[in-house]
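*Asks:*
As structure tokens, then:
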């Protein structure tokens with residue numbers, strides 16, 4: 006089994022806020038992340054696909070194609086954006102590192118599957134060097 | 006001559022916008038950075054002081070003290086903030102990497118001088134791994 | 006399934022020595038690490054928990070809480086310490102990277118379990134950039 | 006279960022070319038990598054073994070031994086070499102990151118097994134910071 | 006004084022060989038680097054310009070412009086190339102890290118000067134994480 | 006002017022203690038670093054020499070030679086050692102990052118000078134990723 010990973014980065018703003026909670030509760034749970042002016046991060050994304058090596062090309066998938074898929078499906082929507090205000094899935098889900106990993110998975114699973122040959126097997130998102138979440142699918 | 010450097014990080018939002026310019030000109034000059042919803046970064050700050058080594062302590066300055074000064078003068082004001090909306094100097098100056106380096110210098114120069122023994126000699130700010138600005142004073 | 010990881014660092018001294026072996030055997034097996042004056046490292050610790058995302062907070066666990074647990078259970082005991090001389094578990098076990106990973110697991114498993122909602126799933130310890138051990142539990 | 010990993014680096018040249026394809030097809034599939042003058046990388050290799058901790062040494066395997074095995078079996082053959090022209094397995098297989106991971110596995114599996122006590126469980130190869138392949142065996 | 010730096014990477018092959026020397030002397034001086042099949046690296050380039058901050062834009066130079074200049078003048082010529090065989094200046098000068106730094110300076114000095122406002126002040130080239138050269142001009 | 010830098014690492018123990026001070030004063034000034042059981046770090050050393058490029062070799066100095074000098078003069082004495090107890094200069098000077106930078110300079114200045122052609126111009130010592138000292142000579 007071969008796993009092939011491509012890394013990408015994007016810079017975005019976000020804040021944490023549950024509209025069903027009071028301001029006190031939001032601040033108690035989310036601390037400085039509840040500041041609704043937003044703050045931001047340089048996110049690092051590692052997208053892993055799993056499959057067989059094609060004996061003609063030596064590729065699991067074409068990394069140029071994978072880079073283009075990540076750019077089109079994720080970076081064009083997330084990079085230099087305010088996640089809460091401009092990205093549909095985060096109008097609902099709070100844009101924590103965990104939820105970003107799940108959202109990236111949902112954006113990439115179908116296009117990777119449609120291409121055939123390999124399947125999406127892991128999405129890892131670093132919010133900082135010290136914090137990262139990994140989603141492996143349901 | 007000994008230079009001693011302490012690194013710190015903060016996460017903040019910003020956008021680039023000159024209110025004296027039209028929207029077209031702002032977008033032409035600043036591209037995606039002109040999005041006024043803001044986007045963000047994990048900034049890395051390297052603060053360098055220069056001085057003699059105290060023969061009793063082996064220190065140019067006490068790094069715990071330097072860390073506290075950076076936290077009080079810079080991180081408490083910048084971290085998890087929207088630079089344009091919440092930091093006074095960026096109500097005027099556009100929060101580019103260059104201007105952040107100058108602003109950090111202005112915040113740290115006097116407290117370092119007041120402590121005696123060493124002087125601030127360089128402020129380096131990384132916006133991403135690929136972009137950094139250094140200010141050495143006038 | 007979501008895995009959430011928090012990184013932390015500590016600086017400590019250690020040496021490798023099996024008191025049941027002769028000095029010759031200790032040096033043959035452990036080389037320079039058998040120097041009982043000790044040497045040290047900047048250890049990097051990656052603690053991973055696995056669980057469901059709480060739909061109200063978007064969290065698997067509160068990372069501030071996880072940071073505090075790691076500090077209280079591990080860093081307060083290991084950081085700026087001589088592992089062999091000052092940390093109880095290494096009066097018995099040799100403080101290799103492997104044994105440190107197991108010891109950190111033992112320190113964190115119960116507090117993570119007691120908090121409910123997520124379980125400890127991986128402890129990774131880097132001794133240097135070139136050497137790391139991972140423990141996944143028995 | 007304990008996993009122990011040793012990192013190593015080597016610098017090598019390679020190009021991508023399938024001799025059964027036309028020049029047009031090679032360029033269409035491989036792009037700039039089809040330049041047969043070759044180009045090169047600083048490869049990073051992470052070799053992971055899995056086993057029990059020896060209670061006498063605290064080791065899964067002796068890392069000095071593992072380093073020597075990696076140097077003898079891989080680095081002495083790959084480092085400062087042109088992979089296509091000088092390494093036997095890449096006279097046949099195209100030296101993609103995926104195929105290098107498989108080839109390193111084949112070179113290391115038997116020596117690790119012969120030493121007893123631990124088994125090879127993962128080979129990870131970074132071609133750049135942004136691209137890596139992992140092979141876990143068949 | 007503000008220094009602004011942009012980082013870029015390229016992957017290339019090279020070898021060290023002085024045609025005026027015997028094979029023995031080349032091997033004695035250059036060791037494994039004298040292998041004329043070539044080997045390669047992921048080079049990292051840091052290009053620093055120095056100037057005043059434009060009060061209207063907050064820029065020393067437009068980093069998008071600087072990125073384009075580096076791509077057009079350096080990366081398009083060096084990336085995925087064999088430096089000795091395909092880059093004119095290294096048909097003469099041996100492509101050591103030192104000579105690459107000087108060559109990059111020569112490629113960038115005039116375009117930066119022509120743009121006005123800032124001057125090229127430092128070119129740093131990393132051959133690996135452990136080796137780098139810096140050229141500050143004559 | 007060309008600057009050429011070689012990086013190296015060593016792992017060592019140390020503590021901070023001024024024997025002319027009381028225990029209370031040592032703890033007040035040095036905090037946890039005053040623990041005389043010692044603690045340790047993975048130090049990173051960057052040694053920079055400055056000179057002309059030899060047109061025959063393309064070298065400022067032979068990096069293999071520089072590596073050997075650093076190993077013989079510094080690493081063989083510091084690596085896997087307790088700096089206070091086993092390294093002569095730190096029986097006197099407190100082994101702070103600043104004093105280590107000066108000590109490494111003193112160990113390397115003469116051998117670099119003796120080799121001719123280049124002079125030592127900077128020694129940078131990282132104690133952690135967040136703290137480093139640079140010595141440029143008197």
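Chains as they are written, first to last, in the numbering used here: chain S, 6 to 143; chain Y, 6 to 143; chain C, 6 to 143; chain L, 6 to 143; chain G, 6 to 143; chain Z, 6 to 143. Just so you know, even glycine gets a beta-carbon here, dropped at the ideal spot from N, CA and C.
What residue from 26/C, 19/C, 51/C and 59/C has the CA that sits closest to residue 40/C's CA?
*Replies:* Counted from its first residue, the third chain places residue 40/C at position 35. When only C-alpha atoms are compared, the closest one is 19/C.
*Asks:* Count Cβ pairs between the region 21 to 40 of chain Y and the region 84 to 98 of chain S that sit closer than 8 Å; are there 3 or more?
*Replies:* Touching, yes, given that three or more Cβ pairs across the two stretches are closer than 8 Å.
*Asks:* Please check the pair residue 117/G and residue 127/G, which I expect to be a contact at CB under 8 Å, by giving their CB distance rounded to whole angstroms.
*Replies:* In the fifth chain, the residue the question calls residue 117/G occupies position 112. In the fifth chain, the residue the question calls residue 127/G occupies position 122. Going by Cβ atoms, the distance from residue 117/G to residue 127/G rounds to 12 Å, so no, they are not a contact pair.
*Asks:* Strictly by DSSP, which residues pair up with residue 83/S?
*Replies:* Locating residue 83/S in the first chain gives position 78, counting from the first residue. Paired residue(s): none; residue 83/S is not in a bridge.
*Asks:* Per DSSP, what are the beta-bridge partners of residue 225/Y in this structure?
*Replies:* Because chain Y is modelled from 6 through 143, residue 225/Y falls outside the range shown and cannot be assessed.
*Asks:* If contact means a Cβ-Cβ distance below 8 Å, which residues of the region 7 to 38 of chain Z contact chain C?
*Replies:* Result list: 14, 16, 17, 18, 19, 37 and 38.
*Asks:* Are residue 89/Z and residue 63/Y close, meaning C-beta to C-beta below 7 Å?
*Replies:* The residue you call residue 89/Z lines up with position 84 of the sixth chain. The residue you call residue 63/Y lines up with position 58 of the second chain. No. Outside cutoff.
*Asks:* Judging by CA-CA distance, which residue of 45/G, 24/G and 72/G is the nearest neighbour of residue 10/G?
*Replies:* By 1-based counting over the fifth chain, the position of residue 10/G is 5. It is 72/G.
*Asks:* Could you pull out every residue in the same chain whose Cβ sits closer than 8 Å to the Cβ of residue 76/Y, ignoring the five residues on either side in sequence?
*Replies:* Working through the second chain from its first residue, we reach residue 76/Y at position 71. Result list for residue 76/Y: 13, in chain order.
*Asks:* Who are the near neighbours of residue 79/L in its chain, counting only those whose CB is closer than 8 Å to its CB and skipping five residues on each side?
*Replies:* The residue labelled residue 79/L in the question sits at position 74 within the fourth chain. 13, 15, 50, 109, 112 and 113, listed in sequence order.
*Asks:* Terminal residues of the continuous beta strand (DSSP E) containing residue 141/S?
*Replies:* The sequence position of residue 141/S within the first chain is 136, counting from 1. That residue, residue 141/S, is in no beta strand (DSSP E); it is neither H nor E in DSSP.
*Asks:* Are the C-beta atoms of residue 90/S and some chain Y residue less than 7 Å apart?
*Replies:* Reading the first chain from its first residue, position 85 is the one you call residue 90/S. Judged by the 7 Å Cβ criterion, residue 90/S is in contact with chain Y.
*Asks:* For residue 71/L, report the span of its alpha helix (DSSP H) as first-last.
*Replies:* In the fourth chain, counting from the first residue as 1, residue 71/L sits at position 66. Run containing residue 71/L: 68 to 75, per the alpha helix (DSSP H) assignment.
*Asks:* Mind checking which residues open and close the beta strand (DSSP E) that includes residue 133/S?
*Replies:* The sequence position of residue 133/S within the first chain is 128, counting from 1. Taken as a continuous stretch (DSSP letters only), the beta strand (DSSP E) holding residue 133/S covers 123 to 133.
*Asks:* In angstroms with no decimal places, state the Cα-to-Cα distance between residue 74/C and residue 115/C.
*Replies:* Within the third chain, the letter at position 69 stands for residue 74/C. Within the third chain, the letter at position 110 stands for residue 115/C. Cα-Cα distance, rounded: 11 Å.
*Asks:* Which class does residue 56/L belong to by DSSP, given the choice of helix, strand or coil?
*Replies:* Indexing the fourth chain from 1 puts residue 56/L at position 51. Residue 56/L: strand per DSSP, three-state reduction.
*Asks:* Do you know whose CA, among 138/C, 7/C and 131/C, lies nearest residue 59/C's CA?
*Replies:* As a working note, residue 59/C is residue 54 in the third chain. Comparing Cα-Cα distances from residue 59/C to each of 138/C, 7/C and 131/C, the minimum goes to 7/C.
*Asks:* Which value, in whole angstroms, describes the spacing of the CA atoms of residue 134/S and residue 29/Z?
*Replies:* Your numbering for residue 134/S matches position 129 in the first chain. Your numbering for residue 29/Z matches position 24 in the sixth chain. Distance between the alpha carbons of residue 134/S and residue 29/Z: 37 Å.
*Asks:* Mind listing which residues of the region 40 to 67 of chain S have their C-beta closer than 9 Å to chain C's C-betas, in chain order?
*Replies:* If the cut-off is 9 Å between Cβ atoms, the region 40 to 67 of chain S has nothing near chain C.
*Asks:* Can residue 8/L be considered in contact with the ligand ATP, in the sense that its beta carbon sits closer than 6 Å to one or more heavy atoms?
*Replies:* In the structure shown, the ligand ATP is absent, as is every other ligand, since no ligand is present at all.
*Asks:* For residue 92/S, I'd like the list of residues in its chain whose CB is within less than 7 Å of its CB, leaving aside the five on either flank, ordered along the chain.
*Replies:* Locating residue 92/S in the first chain gives position 87, counting from the first residue. Correct list, in chain order: 82, 83 and 86.
*Asks:* Please tell me whether residue 17/C and residue 44/Z are closer than 7 Å, where the distance is taken between their beta carbons.
*Replies:* On the third chain, residue 17/C is found 12 positions in, with the first residue counted as 1. On the sixth chain, residue 44/Z is found 39 positions in, with the first residue counted as 1. Contact flag set, yes.
*Asks:* Taking the alpha-carbon positions, what's the residue 129/G to residue 141/Y distance?
*Replies:* Translated into positions along the fifth chain, residue 129/G becomes position 124. Translated into positions along the second chain, residue 141/Y becomes position 136. Their Cα atoms are separated by approximately 19 Å.
*Asks:* Using a cut-off of 9 Å between C-beta atoms, extract the partners of residue 133/S located in chain Y.
*Replies:* Taking the first residue of the first chain as position 1, residue 133/S is located at position 128. The answer, in chain order, is 14, 16 and 47.
*Asks:* One question on the structure: do residue 47/Z and residue 47/C come within less than 7 Å of each other, judged by their Cβ atoms?
*Replies:* Reading the sixth chain from its first residue, position 42 is the one you call residue 47/Z. Reading the third chain from its first residue, position 42 is the one you call residue 47/C. Yes, these two residues count as a Cβ contact at 7 Å.
*Asks:* Closer than 8 Å between beta carbons: that is the criterion. Which residues of the region 95 to 127 of chain C meet it against chain L?
*Replies:* Cβ contacts with chain L come from 98, 99, 100, 101, 102, 103, 104, 106 and 107.
*Asks:* According to the neighbour-count rule (16 or more other Cβ atoms, all chains shown, within 10 Å of its Cβ), is residue 96/Y buried or exposed?
*Replies:* Walking along the second chain from the start, residue 96/Y turns up at place 91. Burial call: exposed.
*Asks:* Does any residue of chain L bring its CB to less than 7 Å from the CB of residue 140/C?
*Replies:* In the third chain, residue 140/C corresponds to position 135, counting from 1. Closer than 7 Å: yes.
*Asks:* Consult DSSP for residue 9/Y and reduce its assignment to one of helix, strand or coil.
*Replies:* In the second chain, the residue the question calls residue 9/Y occupies position 4. DSSP places residue 9/Y in strand when its eight states are reduced to three.
*Asks:* Alpha carbon to alpha carbon, what distance is there between residue 56/L and residue 21/C?
*Replies:* As a first step, residue 21/C must be located in the third chain, where it is residue number 16. As a first step, residue 56/L must be located in the fourth chain, where it is residue number 51. So the alpha carbons of these two residues sit roughly 20 Å apart.
*Asks:* Between residue 122/L and the rest of its own chain, which residues show a CB-CB distance below 6 Å, the 5 nearest in sequence each way excluded?
*Replies:* Here the question's residue 122/L lines up with position 117 in the fourth chain. These residues qualify, in order along the chain: 56.
*Asks:* Which chain L residues are close to residue 86/G, counting only those with a beta carbon under 8 Å from its beta carbon?
*Replies:* Walking along the fifth chain from the start, residue 86/G turns up at place 81. Simply 40, 42 and 44.
*Asks:* Look at the alpha carbon of residue 70/Z and the alpha carbon of residue 34/Z, and state the distance between them as a whole number of angstroms.
*Replies:* Taking the sixth chain and counting its residues from 1, one reaches residue 70/Z at position 65. Taking the sixth chain and counting its residues from 1, one reaches residue 34/Z at position 29. Approximately 41 Å between the Cα atoms of the pair.
*Asks:* Based on Cα-Cα distance, which residue from 138/Z, 119/Z, 27/Z and 68/Z lies nearest to residue 137/G?
*Replies:* Stepping through the fifth chain from its first residue, residue 137/G is reached at position 132. Ranking 138/Z, 119/Z, 27/Z and 68/Z by Cα distance to residue 137/G puts 68/Z first.
*Asks:* For residue 35/L, which three-state DSSP category applies?
*Replies:* Taking the fourth chain and counting its residues from 1, the one referred to as residue 35/L is at position 30. Here residue 35/L sits in helix by DSSP.
*Asks:* Could you please give the first and the last residue of the uninterrupted alpha helix (DSSP H) stretch that includes residue 113/C?
*Replies:* Start at 1 with the first residue of the third chain, and residue 113/C comes out as number 108. Per DSSP, residue 113/C belongs to the alpha helix (DSSP H) from 102 to 120.
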